[in-house]
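Just below is one structure, and these are the notes that go with it.
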Amino acid sequence: MNETLLVIDGFNLLSRCYFATSYGRDEAALTRNSKGQFTNALRVTIQKMHALIHQYEPSHIFVAWDVKREDTKRKDTYALYKQTRAELPEPLIQQYETLKQFFDTVGIYQMSLSSYEADDLIGALVSKWSKEKQSPGYIYSNDRDLLQLLDQHISQIIAKKQVGDLVYGFKHFQEEYNIHPRQWVDVKALLGDKSDNIPGVPGVGEKAALPLIQQYGSIHEIYAQIEQLDPAFNRYKKKLTEGKELGMLSRELAEIIIDIQEISMLNWEELTFMYDYERWNKEIQTLELNIRIRS
Numbered sequence: 000m001n002e003t004l005l006v007i008d009g010f011n012l013l014s015r016c017y018f019a020t021s022y023g024r025d026e027a028a029l030t031r032n033s034k035g036q037f038t039n040a041l042r043v044t045i046q047k048m049h050a051l052i053h054q055y056e057p058s059h060i061f062v063a064w065d066v067k068r069e070d071t072k073r074k075d076t077y078a079l080y081k082q083t084r085a086e087l088p089e090p091l092i093q094q095y096e097t098l099k100q101f102f103d104t105v106g107i108y109q110m111s112l113s114s115y116e117a118d119d120l121i122g123a124l125v126s127k128w129s130k131e132k133q134s135p136g137y138i139y140s141n142d143r144d145l146l147q148l149l150d151q152h153i154s155q156i157i158a159k160k161q162v163g164d165l166v167y168g169f170k171h172f173q174e175e176y177n178i179h180p181r182q183w184v185d186v187k188a189l190l191g192d193k194s195d196n197i198p199g200v201p202g203v204g205e206k207a208a209l210p211l212i213q214q215y216g217s218i219h220e221i222y223a224q225i226e227q228l229d230p231a232f233n234r235y236k237k238k239l240t241e242g243k244e245l246g247m248l249s250r251e252l253a254e255i256i257i258d259i260q261e262i263s264m265l266n267w268e269e270l271t272f273m274y275d276y277e278r279w280n281k282e283i284q285t286l287e288l289n290i291r292i293r294s
């Protein structure tokens, strides 16, 4: 039996659909159904989910949801983590609740877990899948942090505005960056991440971060050899030395956790998916969404 895993980064998909359909509009202008439920993001999200299911024909589906950022391990480690992120708008939160109910009804497995972010749940699950199933697995997300999870079985589906979805795999990553995907976290440790408020090493930008990891393999190895650093990186030596503590902190924040007991104990049967046209169509009509779906 051919088995395929489809993993969805829930808020990444829902948020992109929400902001794409609400741009330039105030709350009063967003579409609702007769029950007063907001539906602008729901319609596009469910449409996309349906398209992914028909394209990849997954035998197993997993939707990972974030918990509140205050409830995460990274927030405990670094109080300023994701501090710059705005609060989610109320119509988006309402549609998140409705979408979760929809997924439950149509038999799509989903999870959120206190202390862990969606990235961690995704990382733990695809690692388990790759080891136990050694079958194709696809992560649907535009979050480039997830590139560290790519391997011979796991690819990432990245939405591109002009060309549609790009299936980005292990070989693509190695050809583009000339490092192993697991080393992506070390690049991120040097660069930081403004969107997550991860500091990185001040003064070490894109011109130096990747070449340093290509040459030394990891941030730990850079600091182990800091006194004998290649003269090509002399201009960064002082910055690296002064920013060591922030660099090590940033690596801890950027590394996706793949050892989660609740994921390791999951039975694959729980994630088994069978498409039921009648059920999907009924729920779409109940929500009054203008979507035509295939049987």
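As numbered in numbering that gives the first Met the number 0, residues 0 to 294 make up the sequence shown, in order. Backbone N, C-alpha and C define an ideal beta-carbon position, used for all residues, glycine too. Fair warning: this is a prediction, and the values are worked out from it, not measured in the lab.
Alpha carbon to alpha carbon, how far is E251 from A188?
Using only the alpha carbons, I get a separation of about 8 angstroms.
The alpha helix (DSSP H) spanning G9 covers which residue range?
G9 to S21
By the three-class DSSP mapping on this structure, what secondary structure does M273 have?
coil
Suppose you measure from the CA of R84 to the CA of Y55; what does that come to, to the nearest Å?
33 angstroms
If we call anything under 8 angstroms between Cβ atoms a contact, is V200 one with L146?
no
Using 8 angstroms as the threshold, is the C-beta distance between Q36 and L288 below it?
no
How far does the alpha helix (DSSP H) with Y108 in it reach, from first residue to last?
That residue, Y108, is in no alpha helix (DSSP H); its beta strand (DSSP E) goes Y108 to M110.
If the criterion is Cβ atoms closer than 8 angstroms, does the pair E166 and I107 meet it?
The displayed chain sequence assigns Val, not Glu, to residue 166. Against a cut-off of 8 angstroms, the Cβ pair of I107 and V166 comes out as no contact.
According to the Cβ coordinates, are E2 and L112 closer than 8 angstroms?
Cβ atoms of E2 and L112: not closer than 8 angstroms.
Can you tell me the Cα-Cα spacing of K47 and L98, whole angstroms?
13 angstroms
Hey, out of V203, R143, I157 and L265, whose CA is closest to S194's CA?
R143
Less than 8 angstroms separating the beta-carbons of Y77 and I259?
no
Per DSSP, K159 is paired with what?
G163
Would you call the region 223-240 in contact with the region 200-212, where contact means no fewer than 3 C-beta pairs closer than 8 angstroms?
Yes, since at least three Cβ pairs between the region 223-240 and the region 200-212 fall closer than 8 angstroms, the two stretches touch.
So, is G163 buried or exposed, given that buried needs 16 or more other C-beta atoms within 10 angstroms?
exposed
So what does DSSP say about Y222, is it helix, strand or coil?
Residue state for Y222 is assigned as helix, using DSSP reduced to three classes.
Would you list the residues sitting across from V62 in a DSSP beta bridge?
I7 and Q109
Roughly how many angstroms separate the alpha carbons of N32 and D65, rounded to a whole number?
Roughly 26 angstroms separates the two Cα atoms.
Given this structure, state the Cα-to-Cα distance separating T271 from L87, to the nearest angstrom.
31 angstroms
Are the CB atoms of A40 and T71 within a distance shorter than 8 angstroms?
no
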